[in-house]
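Peer 1: Under our numbering, the residues of the sequence shown are numbered 8 to 151, in order. Every residue, glycine too, gets a C-beta built ideally from N, C-alpha and C. Before I ask anything, here is the structure I am working with.
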Amino acid sequence: MDKAKLTYTNEQGREVKTSQFLKNRGSCCKTACLHCPYGFTLKKHGIQSKEVTLDKIAKAQAILDSNQQDSLSVASSLMGAAFGGSKPKRITISEANSSDFAFVELKGEIFGLIEKGSVQVKKLYLKEQFKEQGLDLDTVNSII
């Protein structure tokens with residue numbers, strides 16, 4: 008996401024303030040903003056996980072693809088420069104492996120996708136609008 012981008016329009020057509028907008032404000036307003044970069048919303052509402060059902064596989068795959076594209080291009084260029092090109096494996100969500108994934112929500116809004124491990128979350132794939140607000144694998148593992 009462009010650092011200068013301060014708002015975006017969500018799926019319901021509402022204008023939403025980004026974490027960059029809220030950082031520019033300088034302090035937390037304590038109103039539990041969706042993109043609060045100060046951690047207030049996380050503490051107040053927590054994170055919920057929701058299974059990837061068969062009718063939501065396409066939505067989950069879209070989140071995964073947007074994250075894989077970034078990491079594949081960086082990894083490919085580094086590996087290609089060092090050792091000659093070898094393509095990293097692309098992950099595809101199917102009916103068979105959909106139970107290995109779950110959506111993660113904050114205030115009822117899906118902010119990403121997790122790949123579940125046996126005890127804790129193995130990987131976190133964030134939607135673009137949520138990448139600048141301090142949500143990471145350690146945070147998700149400590150809350151879920």
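#1: Grab the span of the beta strand (DSSP E) containing residue 128 for me, first residue to last.
#2: Are the Cβ atoms of residue 44 and residue 26 separated by less than 8 Å?
#3: Starting from residue 149, trace the alpha helix (DSSP H) both ways and give me its first and last residue.
#4: Who are the near neighbours of residue 41 in its chain, counting only those whose CB is closer than 7 Å to its CB and skipping five residues on each side?
#5: So is residue 127 buried or exposed if we call it buried at 16+ other beta carbons inside 10 Å?
#6: Does residue 41 come out as helix, strand or coil in the three-state DSSP assignment?
#7: Any idea which residues DSSP pairs residue 113 with across the strands?
#8: Just confirm the distance between the C-beta atoms of residue 134 and residue 54, as a whole number of angstroms; I'd bet it's less than 8 Å.
#9: Could you give the distance in angstroms between the alpha-carbon of residue 33 and the alpha-carbon of residue 21?
#10: So if DSSP puts residue 123 in a beta bridge, which residue, or which two residues, is it bridged to?
#11: In terms of residues, what are the limits of the alpha helix (DSSP H) holding residue 48?
#12: Please identify the residue among 62, 145, 141, 137 whose C-alpha is closest to the C-alpha of residue 15.
Peer 2: Let's see:
#1: Under the DSSP assignment, residue 128 falls in the beta strand (DSSP E) whose first and last residues are 128-133.
#2: Going by C-beta atoms, residue 44 is nearer than 8 Å to residue 26.
#3: Taken as a continuous stretch (DSSP letters only), the alpha helix (DSSP H) holding residue 149 covers 144-150.
#4: Shown here for residue 41: same chain residues with a beta carbon closer than 7 Å to its own, the five before and five after excluded, namely 23, 48, 113, 114, 116 in chain order.
#5: So residue 127 ends up on the exposed side.
#6: Of the three classes helix, strand and coil, the one that applies to residue 41 here is coil, per DSSP.
#7: The beta-bridge partner set that DSSP reports for residue 113 consists of 116.
#8: The pair is not a contact, with the Cβ atoms about 14 Å apart (cut-off 8 Å).
#9: Cα to Cα, residue 33 sits roughly 23 Å from residue 21.
#10: DSSP lists 128 as partners of residue 123.
#11: For residue 48, the uninterrupted alpha helix (DSSP H) segment begins and ends at 47-52.
#12: The option with the nearest alpha carbon to residue 15 is 137.
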